[in-house]
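Numbering (our numbering), first residue to last: 5 to 534.
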């Protein structure tokens with residue numbers, strides 16, 4: 005069984021007095037989180053626990069207890085604040101590690117083993133013997149009741165790589181990694197939380213079904229500035245309330261914005277883990293939003309280009325021109341040598357343009373209509389796929405797609421901003437994950453240009469929606485062809501190895517993929533001629 009977590013949002017409007025207590029508590033909690041971040045970020049004694057995201061470490065609990073006298077929030081809020089700080093710093097350090105890994109893969113590949121393991125990375129930071137650290141990790145894994153063969157092999161490969169260096173070379177490598185890390189740590193901005201979401205637990209709150217009010221729930225919470233627990237009625241959507249009744253609730257959190265209280269309540273669902281029997285590839289496109297390797301299209305974006313170009317773009321263009329013109333008049337107004345008569349004219353024009361911009365409700369309405377239609381079509385495509393894979397033991401393979409890599413032009417990129425953010429893939433992955441359906445992302449390079457029969461890659465293979473191989477004359481719908489290639493890649497061990505080895509070097513990764521296809525194409529031609 006696997007556990008999936010989602011959240012339900014509840015909302016309430018506190019009185020002025022209660023709102024003041026919530027605001028005071030949120031401000032103190034935010035200040036405490038930033039204090040713990042500043043305490044831990046420069047002390048390397050916390051680095052290993054931060055890299056492993058281990059908030060229950062005795063070091064962190066000791067720090068919280070030692071600083072408890074410096075604030076009035078108490079132990080409950082204090083421990084939640086240090087957990088929040090650990091999470092933020094963990095993400096910060098992992099981003100630094102990943103950035104360094106990308107750099108060494110491209111420029112200093114001999115340092116790569118030191119960035120592949122958190123234990124070795126930490127050994128470099130603390131200038132500890134990496135061989136001794138690796139032996140401990142290997143022994144720890146071997147002592148487990150059920151040691152993971154993949155993990156053991158990983159550590160043995162690292163050990164083999166390090167044995168290829170002399171002791172002096174290893175010492176220099178540790179120094180190089182440590183210097184790279186400290187340089188990033190000093191130059192990168194340390195996380196600073198402007199307004200933290202206050203994490204609650206049973207020590208400081210309770211969430212109960214409402215019996216005396218028309219609200220769905222009542223939040224009882226201990227806040228600063230109040231000697232008693234404050235009761236706050238909160239409401240949620242019908243679906244959200246149903247889910248809270250259906251699943252076990254986790255510890256809530258709250259945030260206060262513009263006088264409105266937002267309570268986030270996580271809940272967990274258990275799903276069965278199954279062995280996949282078949283693979284379904286999905287290609288994300290523009291004409292057909294999703295096309296499966298089973299030959300089924302889901303959703304369509306047809307007509308949206310015309311709607312955007314004819315309805316939305318002209319209004320946005322006019323508003324942009326109006327803003328630019330108003331800025332030019334504002335600059336002219338503040339220049340030296342402008343006469344009072346000219347200033348009066350400029351002020352009148354600026355006032356008129358500002359009134360026009362404030363009154364442009366049609367532009368906002370037009371954009372809302374467009375965004376609503378985009379969401380409707382995306383949901384239609386996602387729901388179609390979910391209906392096709394429901395209750396089937398399948399692996400759904402899709403492209404790890406980033407449309408910002410395509411040079412589609414300024415207008416097209418603006419129009420397709422939903423695509424650039426990966427909205428379609430994000431929606432689909434969220435639903436698949438919630439239903440416990442396995443999915444996998446593959447490298448999208450050449451999936452639309454490669455022939456699944458003879459492995460030949462050529463730009464001329466594809467012409468719009470039509471695909472015809474220039475070598476073996478294999479023909480099919482272009483989107484269907486891409487989805488077949490995606491399904492095949494999900495089961496391709498050689499290609500997966502290339503993707504892992506060159507995850508941070510796109511050019512080398514794509515060169516290796518192309519070389520692999522050339523090798524397979526050559527084998528296909530030789531087999532035909534034999």
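No residue lacks a Cβ here, since even glycine has one placed at the ideal position from N, Cα and C.
Take residue i and list the residues in its own chain whose beta-carbon comes closer than 8 angstroms to its own, dropping the five residues that flank it on each side.
| i | result |
| --- | --- |
| residue 24 | 229 |
| residue 279 | 397 |
Which residue comes first and which comes last in the beta strand (DSSP E) that contains residue i?
| i | result |
| --- | --- |
| residue 268 | 264-275 |
| residue 399 | 398-403 |
| residue 296 | 292-296 |
| residue 4 | Outside the shown range of the chain, which is 5 to 534, sits residue 4, and nothing can be said about it. |
| residue 237 | 234-238 |
| residue 209 | 209-213 |
| residue 278 | It is not in any beta strand (DSSP E) - residue 278 carries neither H nor E in the DSSP assignment. |
| residue 224 | 221-225 |
Give every residue of the same chain whose Cβ lies closer than 6 angstroms to the Cβ of residue i, excluding the five residues on either side of it in the sequence, and list them in chain order.
| i | result |
| --- | --- |
| residue 9 | 270 and 272 |
| residue 526 | none |
| residue 128 | 118, 178, 181 and 182 |
| residue 124 | 118 and 134 |
| residue 430 | none |
| residue 480 | 471 |
Distance, Cα to Cα, residue i vs residue j?
| i | j | result |
| --- | --- | --- |
| residue 77 | residue 29 | 8 angstroms |
| residue 498 | residue 223 | 54 angstroms |
| residue 11 | residue 83 | 22 angstroms |
| residue 18 | residue 236 | 7 angstroms |
| residue 95 | residue 209 | 28 angstroms |
| residue 311 | residue 488 | 32 angstroms |
| residue 294 | residue 107 | 35 angstroms |
| residue 286 | residue 322 | 39 angstroms |
| residue 309 | residue 511 | 32 angstroms |
| residue 32 | residue 245 | 30 angstroms |
| residue 45 | residue 355 | 50 angstroms |
| residue 531 | residue 440 | 42 angstroms |
| residue 255 | residue 204 | 6 angstroms |
| residue 467 | residue 450 | 14 angstroms |
| residue 464 | residue 472 | 8 angstroms |
| residue 554 | residue 334 | The chain is shown from 5 up to 534; residue 554 falls before or after that span and cannot be answered. |
| residue 374 | residue 484 | 28 angstroms |
| residue 348 | residue 331 | 16 angstroms |
| residue 393 | residue 444 | 14 angstroms |
| residue 319 | residue 307 | 18 angstroms |
| residue 143 | residue 506 | 29 angstroms |
Please state whether the Cβ-Cβ distance between residue i and residue j is less than 8 angstroms.
| i | j | result |
| --- | --- | --- |
| residue 264 | residue 398 | no |
| residue 163 | residue 145 | no |
| residue 195 | residue 93 | yes |
| residue 85 | residue 37 | yes |
| residue 15 | residue 369 | no |
| residue 400 | residue 442 | yes |
| residue 384 | residue 303 | yes |
| residue 221 | residue 100 | no |
| residue 201 | residue 121 | no |
State the start and end residues of the unbroken alpha helix (DSSP H) segment that holds residue i.
| i | result |
| --- | --- |
| residue 103 | 78-111 |
| residue 429 | 427-439 |
| residue 133 | First-last for residue 133: undefined, no H or E at that position. |
| residue 2 | Not covered by the structure: residue 2. The range shown for the chain is 5 to 534. |
| residue 120 | 116-120 |
| residue 454 | Unbroken run through residue 454: none, as it is neither H nor E. |
| residue 353 | 344-362 |
| residue 185 | 171-191 |
| residue 158 | 153-167 |
| residue 64 | 62-70 |
Please list, in chain order, all residues of the same chain as residue i whose beta carbon is under 7 angstroms from its beta carbon, the five residues on each side excluded.
| i | result |
| --- | --- |
| residue 326 | 357, 360 and 361 |
| residue 352 | none |
| residue 305 | 290, 291, 293 and 381 |
| residue 116 | 108 and 109 |
Does the beta-carbon of residue i, which I'm using as the reference point, lie nearer than 7 angstroms to any heavy atom of the ligand MG?
| i | result |
| --- | --- |
| residue 354 | Looking at this structure, you won't find the ligand MG or any other ligand, since it has none at all. |
Practice problem: Any chance you could list the alpha helix (DSSP H) runs of at least 4 consecutive residues sitting entirely within the stretch 300-334, in chain order? | Solution: Entirely contained in the stretch 300-334, the alpha helix (DSSP H) runs reaching 4 residues are, in chain order, 308-311.
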